[in-house]
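K.L.:
This is the structure I have questions about; it appears just below.
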Amino acid sequence: MTGTASIGRRLTLLLAGVAALLSVLSWWMVTGLARQAAERTQDNVLAASVTTIAETLRSEQGEVRLELPYSAFSMLGAISEDRVFYRVATGDTFLTGYDDLPVPTEQISSGGRVIFDTGVYSGEEVRMATVSRLVLAGTQPVSVKVTVAQTRGGVASISAELSQLAAFLSVAFFLVAVSLSAFAARTSLKPLNEIAAAVSRRGPSDLRPLRRAAPTELAPLMTSLNRLMDRLGQSIRSAEDFIAEAAHRIRTPLATVRAQAEIALRSAKDEDQKQRLRQMIRAVDESSRSAGQLLDHATVVYRSDDLVRTPITLSDLVRQTVAGLEPTAAMKDIRLQVEMMEGKVQVDPVLMDNALRNVLDNAIKYSPPETDVTIAVSAGDSEIRIAVSDQGAGLGDGPVDMLTQRFQRGTNTQGVVGSGLGLTIAKDVLVAHGGRLELETLEGNKGTCATLVLPSS
Amino acid sequence: MRHTCLAVLLSCLATFVSALEIEDYRLFPGTGDRVLRVISTGDLEVFEPYLLAFQARQPSLSIDYTVVSSAQLYQAIRGGAVFDLALSSAMDLQFQLANDGFAQSHRSETTTSLPDWARWRDLIFAFTAEPAVVVLSTQRFEGLDLPTTRQELVTLLREYPDRFDGAVGTYDVRDSGLGYLFATQEARSTDAYWRLSEVMGRLNPQLYCCSGQMIDDVAEGRLAFAYNVLGSYAADRLARDSGGRVQILGMQDFTNVILRTAIVPTTARETAAAGALIDMLADLGQREAPGDWPLPPLGQTGTDNLVEFGPIRLGPALMVYLDPLNRRAFLTEWENAMEQR
Ligand SMILES: Nc1ncnc2c1ncn2[C@@H]1O[C@H](COP(=O)(O)OP(=O)(O)OP(=O)(O)O)[C@@H](O)[C@H]1O
Ligand SMILES: [Mg+2]
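Protein chains in written order, with this note's numbering: chain A, 1 to 457; chain B, 1 to 341.
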């Protein structure tokens with residue numbers, strides 16, 4: 001697995017990123033709206049206040065009179081605890097209030113329209129509402145300007161409060177969105193994980209096509225996966241076919257060569273020539289053995305792909321194989337002793353015969369003449385054991401595991417024809433049946449015991 | 001050099017003293033150098049227990065206590081006089097000081113535990129709620145039903161003009177900030193105020209600057225009753241001590257309840273100590289039982305259930321009657337009612 005990030009994490013992060021963006025955006029918008037709303041409320045109250053004051057303006061004996069109404073200020077006190085300032089002036093003459101309030105200097109039409117402005121007074125930001133009204137003073141109408149100002153602490157605290165609430169909601173939204181994203185990512189990746197699990201659950205040589213419902217997005221992947229497996233299977237099969245074919249093609253001419261060499265040996269007089277012919281026969285034997293074993297091995301690989309298990313009596317199986325090797329054993333005056341047990345197994349008879357034959361062949365081949373080879377069949381709780389023991393020299397000092405590898409032969413093989421594939425074949429057969437091959441040298445190098453272990457079905 | 005310094009100091013002191021009409025003054029010496037300067041409208045005998053209790057907590061602190069009228073207090077703080085704490089019963093003037101930026105904020109656990117109506121912006125803190133009451137002489141009211149509303153009082157005054165002629169006392173609202181606050185708030189809340197003022201005006205009313213003297217005059221029988229007196233425990237006790245000669249009466253139709261408030265002026269130096277004193281006063285203001293304090297708590301007063309009318313709201317509306325134009329208009333009307341010879 002190389003380090004590109006997982007799709008699930010990437011999907012989650014992407015969705016979470018979008019959620020975060022939306023959260024911040026909504027928080028920002030709510031904060032802005034809250035501030036606007038609070039400001040508008042203040043403006044409305046200021047406007048109401050300044051208009052109420054302006055409405056009390058009247059002229060008395062040519063003088064502008066004004067009575068600040070109680071409500072004009074109490075309504076300001078009702079919305080927030082903010083400081084209030086005011087100023088009333090006619091043209092340039094200041095009437096009452098705070099003379100130095102920075103009222104807007106521009107000419108205001110006397111239409112009763114309220115003008116808003118923001119400024120700084122007494123060290124604080126203030127919002128000012130100004131209205132102007134014409135009052136008849138004497139004969140001349142004069143324009144009276146009324147300004148009411150209020151600090152903006154209330155606006156700030158309301159918007160801060162709402163902003164905090166919005167922030168809290170945004171965070172909550174974000175958290176929910178993240179967990180939903182993770183959930184969504186996991187759900188949408190589930191079929192993929194299921195396919196991966198199905199593939200990895202398979203045995204190493206299981207190349208059957210995958211048959212399962214997959215979402216449309218994964219259908220191409222499934223198809224190409226199946227096509228790949230199909231091609232792989234085909235190429236393995238063709239390689240095996242090729243090996244089998246090749247072995248076969250080599251064996252036939254070799255048999256001819258051997259027959260000719262035997263004839264030549266019999267008619268040869270010269271000892272030197274005989275020696276060379278014997279060497280030739282031996283090499284041919286070796287090649288022939290190799291070809292045969294290669295063919296067997298290819299058969300094992302091919303058949304273990306889909307095992308044909310047939311119920312078969314254990315004793316029949318052993319007896320047949322033993323009978324097949326009886327002549328070889330007889331040539332070395334080796335006695336084959338069989339300790340039988342009744343029972344049935346579910347195996348591929350061809351492969352099992354192959355495995356047992358190779359093990360038995362070893363026992364005969366690596367034992368001195370006039371010894372015994374014992375084939376003992378026994379059944380345990382969960383397994384059936386076919387132990388083949390001989391009275392040879394044992395397996396030697398090298399690592400035993402090595403011997404089951406392809407083309408690996410022991411150190412005790414001088415003069416013994418062999419290819420190094422026998423134990424490999426036996427082991428592959430047993431593994432294909434869910435069993436194993438156990439190899440051990442008997443105590444005091446008094447022989448070898450090779451055991452074929454099968455699970456009792 | 002030394003002399004010039006002293007001269008400057010003296011002249012400074014002189015201007016300061018001349019600007020401030022001090023009614024009473026006491027220094028409560030502490031063991032250390034630090035001095036908490038308090039300016040207040042509350043009489044010394046009323047505030048002494050509070051100051052002593054505070055000094056018991058901070059023995060190293062000296063307390064310099066100056067008693068002035070509420071208008072004087074307002075002028076002093078506006079003029080930049082150096083005080084650490086200003087306590088006043090004229091909540092409108094106190095509010096104006098806070099609104100105009102002459103108070104600095106103080107925030108503590110105690111002040112935040114005050115009810116909303118008892119503080120404004122961490123600048124003003126109320127620590128007592130006291131109703132305006134009528135203090136009357138039982139002797140002068142002998143044989144009369146005691147009035148419970150302004151209308152009844154008006155009727156009584158109309159029926160017995162001889163009995164009450166020259167024997168009616170109230171604040172001179174031109175001099176007394178508290179009197180002005182009571183009058184304006186009452187005029188705003190009940191139309192009976194002007195009717196009562198008209199009737200009182202016809203009876204040659206006695207006008208006072210301060211409640212103490214008014215109560216004394218009632219006790220001595222010079223006045224039949226004093227209208228709009230600050231009904232603190234002190235007045236209560238006085239009534240009890242008088243052996244039945246003086247009685248306190250709350251008006252059932254409407255009663256003004258004012259909040260005695262504290263601010264820390266921007267000129268304050270001992271702000272921590274001032275804050276601590278505010279906390280102590282605010283704590284006492286929230287006490288459940290009346291206890292042995294001269295001033296009532298915020299929640300209840302000894303004089304009936306007059307606080308039910310609720311205290312005058314601390315808010316910008318208080319500044320309305322402080323506006324010079326409004327004040328002039330109100331005083332004109334008041335004078336017309338009160339001074340009709
Ligand atoms: N019964 C045995 N006694 C001693 N050595 C053995 C025995 N069986 C196997 N070996 C050793 O293990 C090696 C591997 O055996 P394996 O059957 O795979 O190869 P092989 O017998 O040499 O060749 P072939 O493919 O012809 O059987 C042998 O070369 C031999 O050294
Ligand atoms: Mg072999």
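Ideal Cβ placement from N, Cα and C applies to all residues, glycine included. Every value quoted in this text rests on a predicted model; they were computed, and no experiment measured them.
For PRO49(B), go through chain A and note every residue whose CB falls closer than 8 Å to its CB, in chain order.
P.N.:
In chain order: nothing, as chain A lies at least about 32 Å away.
K.L.:
Quick one, which of ALA89(A), GLY444(A), SER59(A), ARG227(A) has its alpha-carbon nearest GLY392(A)'s?
P.N.:
By alpha-carbon distance to GLY392(A), the top candidate from ALA89(A), GLY444(A), SER59(A), ARG227(A) is GLY444(A).
K.L.:
Considering only C-alpha positions, which residue in the set GLY434(A), LYS446(A), ALA450(A), HIS433(A) is nearest to GLU440(A)?
P.N.:
It is ALA450(A).
K.L.:
Under 8 Å between C-beta atoms, does ARG9(A) make it to chain B?
P.N.:
no
K.L.:
Once the 5 residues before and after VAL246(B) are set aside, which same chain residues still bring their CB inside 8 Å of it?
P.N.:
VAL135, LEU136, SER137, THR138, ILE215, VAL218, ALA219, LEU238, ALA239
K.L.:
Could you tell me how far apart the beta carbons of THR66(B) and VAL38(B) are, in whole angstroms, since I believe they sit closer than 8 Å?
P.N.:
7 Å
K.L.:
Can you tell me which of ALA81(B), ALA103(B), PHE225(B) puts its alpha carbon nearest to the alpha carbon of GLY275(B)?
P.N.:
GLY275(B) has its Cα closest to that of ALA103(B), out of ALA81(B), ALA103(B), PHE225(B).
K.L.:
For the pair the region 171 to 185 of chain A and the region 11 to 18 of chain A, tell me if three or more CB-CB distances fall below 8 Å.
P.N.:
yes
K.L.:
According to DSSP, simplified to helix, strand and coil, what is THR52(A)?
P.N.:
helix
K.L.:
Sorted by chain position, which residues of the same chain lie with C-beta nearer than 6 Å to VAL168(B)'s C-beta, five sequence neighbours on each side aside?
P.N.:
MET200, LEU203, PRO205
K.L.:
Between the region 79 to 93 of chain A and chain B, which residues of the former have a C-beta closer than 7 Å to a C-beta of the latter?
P.N.:
GLU81, ARG83, VAL84
K.L.:
Taking only beta-carbon atoms, is THR187(A) less than 8 Å away from chain B?
P.N.:
no
K.L.:
Would you call the region 329 to 337 of chain A and the region 408 to 417 of chain A in contact, with 3 or more CB pairs under 8 Å?
P.N.:
no
K.L.:
If GLY233(A) and LEU207(A) are in contact, beta carbons under 8 Å, what's the gap, nearest whole angstrom?
P.N.:
Their Cβ separation, rounded to whole angstroms, is 4 Å, which keeps GLY233(A) and LEU207(A) in contact under 8 Å.
K.L.:
List, from N- to C-terminal side, the alpha helix (DSSP H) runs of 4 residues or more that fit wholly inside the region 186 to 212 of chain B.
P.N.:
192 to 201
K.L.:
Any heavy atom of ligand 2 closer than 7 Å to the beta-carbon of ASP428(A)?
P.N.:
no
K.L.:
Compare the C-beta of GLY77(A) with all C-beta atoms of chain B and state if any pair is closer than 8 Å.
P.N.:
For GLY77(A), the nearest beta carbon of chain B is closer than 8 Å to its own beta carbon.
K.L.:
Report the partner residues of GLU125(A) according to the DSSP bridge assignment.
P.N.:
VAL120(A)
K.L.:
Can you give me, in chain order, the residues of the region 45 to 72 of chain A that have a beta carbon less than 9 Å from any beta carbon in chain B?
P.N.:
From the region 45 to 72 of chain A, only ARG65, LEU66, GLU67, LEU68, PRO69, TYR70, SER71, ALA72 have a Cβ closer than 9 Å to chain B.
K.L.:
Can you name the residues of chain A whose CB is closer than 9 Å to the CB of ARG107(B)?
P.N.:
Ordered by position in chain A, no residue passes the 9 Å Cβ test against ARG107(B), which lies about 13 Å from the chain.
K.L.:
Determine the extent of the beta strand (DSSP E) in which LYS145(A) is found, giving its start and end residues.
P.N.:
140 to 151
K.L.:
To the nearest whole angstrom, what separates the beta carbons of VAL429(A) and MET352(A), a pair I think is in contact under 8 Å?
P.N.:
7 Å
K.L.:
Please list the residues of the region 18 to 41 of chain A that have a C-beta atom closer than 8 Å to any C-beta atom in chain B, keeping them in chain order.
P.N.:
none
K.L.:
Does GLY119(A) have its Cβ less than 8 Å from a Cβ in chain B?
P.N.:
no
K.L.:
State the DSSP-derived secondary structure class of TRP293(B), mapped to helix, strand or coil.
P.N.:
Three-state DSSP puts TRP293(B) in coil, outside helix and strand.
K.L.:
Since VAL38(B) is in the beta strand (DSSP E), which residue starts that stretch and which ends it?
P.N.:
35 to 40
K.L.:
Relative to the C-alpha of THR267(B), which residue among GLN185(B), SER60(B), PRO29(B), PHE83(B) is closest?
P.N.:
Of the residues GLN185(B), SER60(B), PRO29(B), PHE83(B), the one whose Cα lies closest to the Cα of THR267(B) is PHE83(B).
K.L.:
Please name the residues in the region 319 to 330 of chain B whose beta-carbon is closer than 7 Å to at least one beta-carbon of chain A, in chain order.
P.N.:
Those residues of the region 319 to 330 of chain B that come within reach of chain A (Cβ to Cβ, closer than 7 Å) are MET319, VAL320, ASP323, PRO324, LEU325, ASN326, ALA329.
K.L.:
Report buried or exposed for LEU93(B), applying the criterion of at least 16 other Cβ atoms within 10 angstroms of its Cβ.
P.N.:
buried
K.L.:
Could you check whether the Cβ of GLU333(B) sits closer than 8 Å to any Cβ belonging to chain A?
P.N.:
no
K.L.:
Could you tell me the distance, in whole angstroms, from the CA atom of LEU249(B) to the CA atom of LEU322(B)?
P.N.:
29 Å
K.L.:
Name the residues in the region 93 to 107 of chain B whose C-beta lies less than 7 Å from a C-beta of chain A; which are they?
P.N.:
ASN99, ASP100, GLY101
K.L.:
Between the beta-carbon of TRP194(B) and the beta-carbon of ARG313(B), is there less than 8 Å?
P.N.:
no
K.L.:
For ARG208(A), which of helix, strand or coil comes out of DSSP?
P.N.:
coil
K.L.:
Is the closest heavy atom of ligand 1 to the C-beta of THR328(A) under 7 Å?
P.N.:
no
K.L.:
By Cβ distance, which residues of its chain are closer than 6 Å to GLU161(A), with the 5 residues on each side in sequence left out?
P.N.:
none
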